[in-house]
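Q: Numbering (numbering that gives the first Met the number 0), first residue to last: 0 to 424.
Here a beta-carbon is modelled for each residue, glycine too, at the ideal position from N, C-alpha and C.
Got a structure here, written out as structure tokens. Questions coming.
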Amino acid sequence: MTAALDIETNSAVDSSRKKLRDDLTLNTLAYVHHLSKQCKGGEFPKNVHPSAIQKALKSGRHLRSSLLRVSGADIQHSGCETCGITILNAKGVAPVGVRNRTPWLRLARVCFFDGRKFVANASGVAVTTTKNNGFTWIFKDQTLFVRWPTARSASLRLYFELNVSHELAEGDSEALPRQDHRAFQTVDEVTCCWAEASVQELEPGTASREVRLPLRCGKINDPQSHVELAHHHRRILCGPTLPSLTIRVERIQDDPPIPLSWLPPVSVCLSEVAEIACTYRSTLADKVRGGGVGCTIPVCDPVSSALPKLMDDEDIFGHFLRLWKHLINEKSPTSEADYASILRECTLLAAPLLKVHNVPSRRISNDLARKALRQVEVERCLWKGEHKTRAPRYPPLLEPESGQPSITLMHKPFNITEVKCFFSQ
């Protein structure tokens, strides 16, 4: 009797231990594995695998806010090459193979790779239209500013990852953690194929030129020919040409109002994001030259402390960019001080959205119902008026209970003199 009771107790303890371990350990690929079961044969085709870049982003690495990070006092960098890249189209993209699902998002994620790991921040460009039953992708007309140090030209490559995300269905919730913040860390994008370009291929000439990169599949360190796997689709994919990604490389002709030398030495970002990052870093340099200490400035300045989180929230940052463009067109800045003033104004308007309770928390990226709800609340908090007469909401959103602006409750300026350090203790 005692032995049977001990066996039952040990079984219950083992079961509880396993449940606790599963709850503490987050499998970021659980949803992708769940999605693969809906493919023919219960697994993805050979060319499809979970997105490596999105997995890194979900773990907090290579985020957009890394453009703002400063190591030491070295904020402005020289000895770097910069070019503009526009992703034009991809031909011969093989299907993902998920049955009874319609992709809600197709995009190219871009990041530098040094042969062992991804380097610096990642960026993305969405697809606007598809042709030939989804085998040809036409990308949004956006220019990426790409920057790298000449000393690392031999080791760096630019990696293009072509990803697809499917809308979250009702039965998919079982593969997700119950907590929103843990579900947000789950990968939802799968990579159909990828391409890479050496730094030498990106060097800008006197005139813009198109570069055609062959599409590959498999892992980045073990590439496979995309042509072999898609051979039976050749006519549908791209006709007589090989599967490829076409980009346009051009020299950035006009010097921007904020010099691009303020960007980190290795970076890839949209032109508007480059303006914001350069403005932030130039403002930070002014404060350092004025006697501040680089590591304490974001603590002392509530605006500086809020901007990185705003940049990493995709839903809020989309409205932040609209706000930035609106104020740039309205005020026509001509100096770095003008840009710094606009950046501060945009951050003060958008920062309360990070803590306002009526803006729902983020969940997995393909939960369109949650994204729509967040968009509605962000729109209501940031803008007023109809579409043609839309303007920023002044003053910033008020908290319903206190009636005070949310920014005053969220970021009270920190007085560094309140801190006392006793090194003898």
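State buried or exposed for HIS165, treating a residue as buried only when at least 16 other CB atoms are found within 10 Å of its CB.
A: For the purposes of this step, residue 165 is identified with residue 166 of the sequence shown, where counting begins at 1. Looking at its Cβ environment, which holds 16 or more other Cβ atoms inside 10 Å, HIS165 is buried.
Q: For the beta strand (DSSP E) containing LEU201, name the first residue and the last one.
A: If you number the sequence shown from 1, residue 201 lands on position 202. Careful: LEU201 lies outside any beta strand (DSSP E), inside the alpha helix (DSSP H) at 198-201.
Q: Would you check if there are 3 or more beta carbon pairs closer than 8 Å linking the stretch 49-69 to the stretch 148-157?
A: No, the stretch 49-69 does not touch the stretch 148-157.
Q: Please classify HIS231 as buried or exposed, where buried requires at least 16 other C-beta atoms within 10 Å of its C-beta.
A: In the sequence shown, the residue the question calls residue 231 occupies position 232. With a pLDDT of only 42 at HIS231, under 50, the local geometry of the prediction cannot be trusted, and the value read off the model is given with reservation. Under this definition HIS231 is an exposed residue.
Q: LYS218 lies in the alpha helix (DSSP H); which residues open and close that run?
A: Mapped onto the sequence shown, residue 218 falls at position 219. Where LYS218 is concerned, there is no enclosing alpha helix (DSSP H), although the beta strand (DSSP E) it sits in stretches over 215-218.
Q: Please classify LEU167: does DSSP put it in a helix, a strand, or coil?
A: One-based indexing of the sequence shown puts residue 167 at position 168. Three-state result, LEU167: coil.
Q: Starting from LEU373, trace the alpha helix (DSSP H) in both directions and tell me its first and last residue.
A: One-based indexing of the sequence shown puts residue 373 at position 374. It should be pointed out that residue 373 corresponds to Arg in this sequence rather than to Leu. Start and end: 367-381.
Q: Looking at the secondary structure, which residues open and close the beta strand (DSSP E) in which ASN88 lies?
A: Residue mapping note: residue 88 aligns to position 89 of the sequence shown, counting from 1. Taken as a continuous stretch (DSSP letters only), the beta strand (DSSP E) holding ASN88 covers 79-90.
Q: Taking a contact to mean a Cβ-Cβ separation below 7 Å, would you say GLU209 touches ARG247 in this structure?
A: Mapped onto the sequence shown, residue 209 falls at position 210. Mapped onto the sequence shown, residue 247 falls at position 248. Yes.
Q: Assuming ILE251 and CYS277 form a contact by the criterion Cβ under 8 Å, report the distance between their Cβ atoms to the nearest whole angstrom.
A: For this step, residue 251 is matched to residue 252 along the sequence shown. For this step, residue 277 is matched to residue 278 along the sequence shown. Incorrect: roughly 13 Å between the Cβ atoms, too far for contact.
Q: Mind pulling the beta strand (DSSP E) runs of 3 or more residues that sit fully within the stretch 252-280?
A: Correct list: 266-269.
Q: Within the continuous alpha helix (DSSP H) that includes THR346, where are the two ends?
A: Along the sequence shown, one-based indexing puts residue 346 at 347. It spans 335-349 - the alpha helix (DSSP H) in which THR346 sits, taken as one unbroken run.
Q: Scan the stretch 20-44 and note each continuous beta strand (DSSP E) run of 3 residues or more that stays entirely inside, going in chain order.
A: Counting only runs of 3 or more, we get nothing.
Q: Do you know how far the Cα of GLY83 is from the Cα of SER340?
A: For the purposes of this step, residue 340 is taken as the residue at position 341 of the sequence shown. For the purposes of this step, residue 83 is taken as the residue at position 84 of the sequence shown. Whole-angstrom Cα-Cα distance: 27 Å.
Q: Determine the closest residue to SER334 out of PRO351, THR282, SER58, with distance taken between C-alpha atoms.
A: Counting from 1 along the sequence shown, the entry for residue 334 is found at position 335. The candidate whose alpha carbon is nearest that of SER334 is THR282.
Q: Where GLU348 and GLU376 are concerned, what is the direct C-alpha to C-alpha distance, given to the nearest angstrom?
A: As a first step, residue 348 must be located in the sequence shown, where it is residue number 349. As a first step, residue 376 must be located in the sequence shown, where it is residue number 377. Correcting the residue identity first, residue 348 is Leu in this sequence and not Glu. Each residue's alpha carbon lies about 14 Å from the other.
Q: Under DSSP, the alpha helix (DSSP H) around ASN120 begins and ends at which residues?
A: The count along the sequence shown starts at 1 and reaches residue 120 at position 121. Segment 117-130 is the beta strand (DSSP E) holding ASN120; no alpha helix (DSSP H) there.
Q: With 16 as the cutoff for other CB atoms within 10 Å, does VAL12 come out buried or exposed?
A: By 1-based counting over the sequence shown, the position of residue 12 is 13. Looking at its Cβ environment, which holds fewer than 16 other Cβ atoms inside 10 Å, VAL12 is exposed.
Q: Please classify THR190 as buried or exposed, where buried requires at least 16 neighbouring CB atoms within 10 angstroms.
A: Taking the sequence shown and counting its residues from 1, one reaches residue 190 at position 191. The residue in question, THR190, is buried, as its Cβ has 16 or more Cβ neighbours within 10 Å.
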